[in-house]
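*Asks:* Everything in the sequence shown is counted per our numbering, starting at -10 for the first residue and increasing by one. Note that the Cβ used here is the ideal one computed from N, Cα and C, for glycine as well. Please see the structure below; I have some questions.
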Amino acid sequence: MPEELEGQIESITFANEETGYAVARVRVAGREDRVTAVGNLISPLPGERVRLKGEWSRHPQYGLQFKVSECRASAPVTAQGIEKYLGSGQIKGIGPQMARRIVARFAERTLEVIEREPQKLAEVEGIGRKRIALIRQAWDCQRELREVMVFLQSHGLSPARAAALFRRYGRQAIQRVRANPYRLAEEIFGIGFLTADRIASSLGFARDSAARAEAGLLHTLRQAAEEGHACCPRALLLARSRELLQIEEEIISRALEGLARSGKIIVETSPVLPNGERAVYLPSYHLAEAGSALALKALLGHPRASGSLFQPEGAETLHRVQRELGIRLAEQQEEALRLALEKKLLVVTGGPGTGKTTIMKALLAALARTALRVMLAAPTGRAAKRLSEVSGREARTIHRLLEFDQRSGGFQRGPQNPLPCELLIVDEASMIDILLMHQLLGALPPSSSLILVGDANQLPSVGAGNVLKDIIASGLVPVVELREIFRQARQSRIVVNAHRILKGRLPELEQGEGESDFYFIEQEDPERAAGIVLQLVRERIPRKFQLDPLEDIQVLAPMHKGSVGVETLNRLLQEALNSRRDGIQRGESVFKIGDRVMQLRNDYERQVFNGDIGRVAGIDRELQELRVAFEGRTVRFAFSQTDDLGLAYAVSIHKAQGCEFPAVVVPLLTQHFPLLQRNLLYTAVTRGRRLVVLVGSRKALAIAVRNDRPVKRYTLLRERLLEPGSGSGSPGRGFPA
């Protein structure tokens, strides 16, 4: 039950200006001992009067604390409090000794004098006109900061968000928020449309205002991008926005026209949408899609680098490579190798066990005697690490390949500073979204060759677009699809069942004799299925297969919500696998040392990216930091920035793309019905290297295998590649709304 305390701040033990989090010692009337208050206190100063609302808790190291949920501060009224307040160092020009002199002269009237009659400060020894001006300026700044923070929090912003907004706008924060609170959703990370809409409502903005309609349209378009759409048909965008805003469509249509005129969206006619429907883009996605199409065409039309020594051609190269590697290439593999040596652009696709890795090894062997500069890349850290292991050469993530520059906030590699290579091989290409593909193509020299290797039957990228499938469907780029499963791979039931699923056939569930690498445990009750998943990870798999539950076993779930969803399973698995009691609470999640966590969005400054998995290595409460080890590299997060992290004992199948794990456990029940699709199940099964265990109902399994209708993604990359010339809509070109 929340309590209220009122008292005076004696001292500040810790304060984080960025987050608003502080630890303060407070003298409370009627209590002999000072109270330790922790939480968001809005730039607290010694001597201030505070009214705190919160709850008591006992920290294992620091003892009894009052966890603050709400803080109201006021200026001190006693001479002693005022002296502490002024001597805290926050008012430039006043230190402890000067504060003592000022209070000795003006006593309880000191703050009133500074506010209304600052010229009287000259009566104090050591204060002249320059210092009076300095004190007055610092006093005004401190007052404005407090006014801004109080104003923002009074309209529902958390202290951390309010601090971020103040850092962005400074003294103009109140004025800007009052003028158009919806701009917060565009300009301040972590403040979405719903928060901005709540603030706007409290400020008296009309539900049918143009500002609200425009903000709702942009929010809906961003949501579509998060769902994987590079663009959105105009009619669908208007319908979704009307559902969100609950206002007349005519108002939304006018707002759409206004956004198009201002360049905040791009609207263009699509040759593939029915009845002359128009496609609506956020400018970055329009630029990326149109730019990628132009870059791919330019790459195809540019001659290969001179002296690149793709020699000798034909049978001699094939024979030499097979002798050196001690292998025999199948017919499709020979074709892939031949095309890789001849073509500027090539896609190699195929399921597990069909020899994609063998082709990359063979290609690298074929080029070993040339002076050709070859670079290897993959979308994720795990995929890049695996590519390095199988190729014996350095492979980097695409983000690191493009060399992000923290000072400029962009990639160093681009058209003006291209990659130093004549051939780029990219593995796990199905994971590349349209924004990243555009950046990659922009950094590739026109004379270079590009080979995209991936499994087109997996789920599309987490980010917007359907890049690999669109490139294949265009017919513009040579494609080799590997179908033959090699003898060694046929001994794996994971591989065999993955291909059965791909063909619309149920996996073989009978185990036969001996150990298997693929199991199905039937259980239709969701709670019992969750219990079995827990048992498998904690006991059964580690005992039978000698695998580490934290390092080697990954739970993959189709959905986030529900009793067998990612969120519930993470709570259960954390409790089962991490016995530590001490942690930090962020929203619904608690992070403890040893926890397995995943980065949920690209963070270029820290060089960690969406889907990267790490372990919590330390918690520093004094510095308010969480330390996470990613692939041997420790990254620091302020507590306020841990919204970008999630527990990863269980992750969604979508988030697991590009990753392989020694063992995966996949719950599959009818409660997952909205997402039970063939490519989702296929992707899950192909994430397991040594072991796959499905837990659930045969009905859910059958639904997933039969459902070969993947969710529609709105993208026009294929059409742009098919169009002659420069393609529909060069970067930046739009049409009237």
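For P222, which of G339, E266, E238, A185 has the nearest alpha-carbon?
*Replies:* Here residue 222 corresponds to residue number 233 of the sequence shown, with the count starting at 1. Nearest C-alpha to P222 among G339, E266, E238, A185: E266.
*Asks:* Can you give me the start and stop residues for the beta strand (DSSP E) that D609 sits inside?
*Replies:* Translated into positions along the sequence shown, residue 609 becomes position 620. For D609, the enclosing beta strand (DSSP E) stretches over residues 602 to 609.
*Asks:* Comparing C-alpha positions only, which one of K345, N567, S505, D571 sits nearest to I530?
*Replies:* Residue mapping note: residue 530 aligns to position 541 of the sequence shown, counting from 1. I530 has its Cα closest to that of S505, out of K345, N567, S505, D571.
*Asks:* To which residues of the same chain is R231 closer than 7 Å at the C-beta, ignoring the five residues directly before and after it?
*Replies:* As a position in the sequence shown, residue 231 is number 242, starting the count at 1. Here the set comprises E238, I241.
*Asks:* Just the Cα atoms here: how many angstroms apart are A4 and V17?
*Replies:* What you label residue 4 is simply residue 15 of the sequence shown in a count that begins at 1. What you label residue 17 is simply residue 28 of the sequence shown in a count that begins at 1. Each residue's alpha carbon lies about 20 Å from the other.
*Asks:* Ordered along the chain, which non-local residues of its own chain (more than five positions away) have a Cβ less than 6 Å from that of F299?
*Replies:* Counting from one through the sequence shown, the residue named residue 299 turns up at place 310. Low confidence applies to F299: its pLDDT is 48, below 50, so where it sits in the model is not reliable, and the reading given next is rough at best. Result list for F299: L330, in chain order.
*Asks:* From L100 to C130, what does the alpha carbon distance come to, in whole angstroms?
*Replies:* Numbered from 1 along the sequence shown, position 111 holds the residue referred to as residue 100. Numbered from 1 along the sequence shown, position 141 holds the residue referred to as residue 130. So the alpha carbons of these two residues sit roughly 15 Å apart.
*Asks:* What residues in its chain sit with their C-beta under 8 Å from that of E511, if we drop five residues either side in the sequence?
*Replies:* The residue labelled residue 511 in the question sits at position 522 within the sequence shown. Hits under 8 Å: G685, S686, R687.
*Asks:* Using only the alpha-carbon positions, how far apart do L670 and A162 sit?
*Replies:* One-based indexing of the sequence shown puts residue 670 at position 681. One-based indexing of the sequence shown puts residue 162 at position 173. Those two C-alpha atoms are separated by around 49 Å.
*Asks:* Going by C-alpha distance, which of V269, G344, A185, K701 is nearest L234?
*Replies:* The residue given as residue 234 occupies position 245 in the sequence shown. For L234, the nearest C-alpha among the options comes from A185.
*Asks:* What is the rounded straight-line gap between the Cα of P725 and the Cα of R250?
*Replies:* Position 736 of the sequence shown, counted from the start, is the residue given in the question as residue 725. Position 261 of the sequence shown, counted from the start, is the residue given in the question as residue 250. Because the pLDDT of P725 is 40, which lies under 50, any placement of that residue in the model is unreliable, and the number read from its coordinates should be weighed accordingly. Distance between the alpha carbons of P725 and R250: 8 Å.
*Asks:* Consult DSSP for F155 and reduce its assignment to one of helix, strand or coil.
*Replies:* Mapped onto the sequence shown, residue 155 falls at position 166. Helix, per DSSP.
*Asks:* Quick one: what's got a C-beta closer than 6 Å to N559's C-beta in the same chain, skipping five residues either side?
*Replies:* Counted from its first residue, the sequence shown places residue 559 at position 570. L636, Y638, A639, listed in sequence order.
*Asks:* Ignore the nearest five residues each way along the sequence and tell me which others in G795's own chain have a CB closer than 6 Å to its CB.
*Replies:* Nothing can be reported for residue 795, as the shown portion of the chain is limited to -10 through 726.
*Asks:* Across which residues does DSSP place L47 in a beta bridge pair?
*Replies:* Residue mapping note: residue 47 aligns to position 58 of the sequence shown, counting from 1. Residue identity differs from the one stated: residue 47 is Arg in this sequence, not Leu. Answer is L53, bridged to R47.
*Asks:* Please classify E66 as buried or exposed, where buried requires at least 16 other C-beta atoms within 10 Å of its C-beta.
*Replies:* As a first step, residue 66 must be located in the sequence shown, where it is residue number 77. In the sequence as displayed, the identity of residue 66 is Val instead of Glu. Exposed, since its Cβ has fewer than 16 Cβ neighbours within 10 Å.
*Asks:* Output the residue ranges of the alpha helix (DSSP H) runs that lie fully inside the stretch 268 to 325 and measure 4 residues or longer, sorted by chain position.
*Replies:* 272 to 290, 304 to 314
*Asks:* Who does R61 pair with in a DSSP beta bridge?
*Replies:* Here residue 61 is taken as the residue at index 72 of the sequence shown, counted from 1. Per DSSP, R40.
*Asks:* Nearest to T25 by alpha carbon, out of P33, V12, L566?
*Replies:* Numbered from its first residue, the sequence shown carries residue 25 at position 36. Taking only the C-alpha atoms, the option nearest T25 is V12.
*Asks:* With DSSP collapsed to three states, give me the class of F626.
*Replies:* For the purposes of this step, residue 626 is identified with residue 637 of the sequence shown, where counting begins at 1. In the structure shown, F626 sits in a strand (DSSP, three-state: E or B).
*Asks:* Please report the distance separating the alpha-carbon of G247 from that of E215.
*Replies:* Translated into positions along the sequence shown, residue 247 becomes position 258. Translated into positions along the sequence shown, residue 215 becomes position 226. Taking the straight line joining both Cα atoms gives about 23 Å.
*Asks:* Which first and last residues belong to the alpha helix (DSSP H) in which R428 is found?
*Replies:* Locating residue 428 in the sequence shown gives position 439, counting from the first residue. The displayed chain sequence assigns Gln, not Arg, to residue 428. Q428 -> alpha helix (DSSP H) spans 423 to 431.
*Asks:* Would you list the one or two residues that DSSP bridges to I180?
*Replies:* Locating residue 180 in the sequence shown gives position 191, where the first residue counts as 1. Beta bridge pairing from DSSP links I180 with no other residue.
*Asks:* Is the beta carbon of P(-9) closer than 9 Å to that of G43?
*Replies:* Numbered from 1 along the sequence shown, position 54 holds the residue referred to as residue 43. Numbered from 1 along the sequence shown, position 2 holds the residue referred to as residue -9. Note that the C-beta distance between G43 and P(-9) is below 9 Å.
*Asks:* Could you name the residues that DSSP lists as bridge partners for P538?
*Replies:* On the sequence shown, residue 538 is found 549 positions in, with the first residue counted as 1. In the DSSP assignment, no residue is bridged to P538.
*Asks:* Label D609 either buried or exposed according to how many other C-beta atoms from any shown protein chain fall within 10 Å of its C-beta, with 16 as the threshold for buried.
*Replies:* As a working mapping, residue 609 is identified with position 620 in the sequence shown. It is exposed - the Cβ of D609 has fewer than 16 other Cβ atoms within 10 Å.
*Asks:* Considering N446, what are the terminal residues of the alpha helix (DSSP H) in which it resides?
*Replies:* On the sequence shown, residue 446 is found 457 positions in, with the first residue counted as 1. Here N446 belongs to no alpha helix (DSSP H), and DSSP marks it neither H nor E.
*Asks:* Do A645 and T672 have their beta-carbon atoms positioned less than 9 Å apart in this structure?
*Replies:* Counting from one through the sequence shown, the residue named residue 672 turns up at place 683. Counting from one through the sequence shown, the residue named residue 645 turns up at place 656. Result yes, Cβ atoms of T672 and A645 sit closer than 9 Å.
*Asks:* Give a yes or no on whether the C-beta atoms belonging to M364 and L412 are separated by under 9 Å.
*Replies:* For this step, residue 364 is matched to residue 375 along the sequence shown. For this step, residue 412 is matched to residue 423 along the sequence shown. It is a contact, given that the beta carbons lie within the stated cut-off.
*Asks:* With a threshold of 16 other CB atoms inside 10 Å of the CB of D601, please say whether the residue is buried or exposed.
*Replies:* Here residue 601 corresponds to residue number 612 of the sequence shown, with the count starting at 1. Taking all protein chains shown into account, D601 has 16 or more neighbouring C-beta atoms within 10 Å of its C-beta and is therefore buried.
*Asks:* In this structure, what does DSSP give as the bridge partners for M87?
*Replies:* The sequence position of residue 87 within the sequence shown is 98, counting from 1. Answer is none; M87 lacks a bridge partner.
*Asks:* What would DSSP say about M364, mapped onto helix, strand or coil?
*Replies:* Counting from one through the sequence shown, the residue named residue 364 turns up at place 375. Three-state result, M364: strand.
*Asks:* Return the chain-ordered list of same chain residues with a C-beta closer than 6 Å to the C-beta of A319, the five sequence neighbours on each side being excluded.
*Replies:* The residue labelled residue 319 in the question sits at position 330 within the sequence shown. Correct list, in chain order: E473.
*Asks:* Whole-angstrom Cβ separation of A88 and L75, contact assumed at under 8 Å?
*Replies:* For the purposes of this step, residue 88 is taken as the residue at position 99 of the sequence shown. For the purposes of this step, residue 75 is taken as the residue at position 86 of the sequence shown. Yes, A88 and L75 are in contact; Cβ-Cβ is about 4 Å, under 8 Å.
*Asks:* Using a Cβ-Cβ cut-off of 7 Å (strictly less than) and excluding sequence neighbours within five positions of V544, which residues of its own chain qualify?
*Replies:* Counting from 1 along the sequence shown, the entry for residue 544 is found at position 555. Around V544: V522, V526, L558, L562, Y638, A639, V654.
*Asks:* Within its chain, find whatever has a CB closer than 6 Å to the CB of S397; leave out the 5 residues flanking it on each side and keep chain order.
*Replies:* The residue given as residue 397 occupies position 408 in the sequence shown. So no residue of the chain qualifies.
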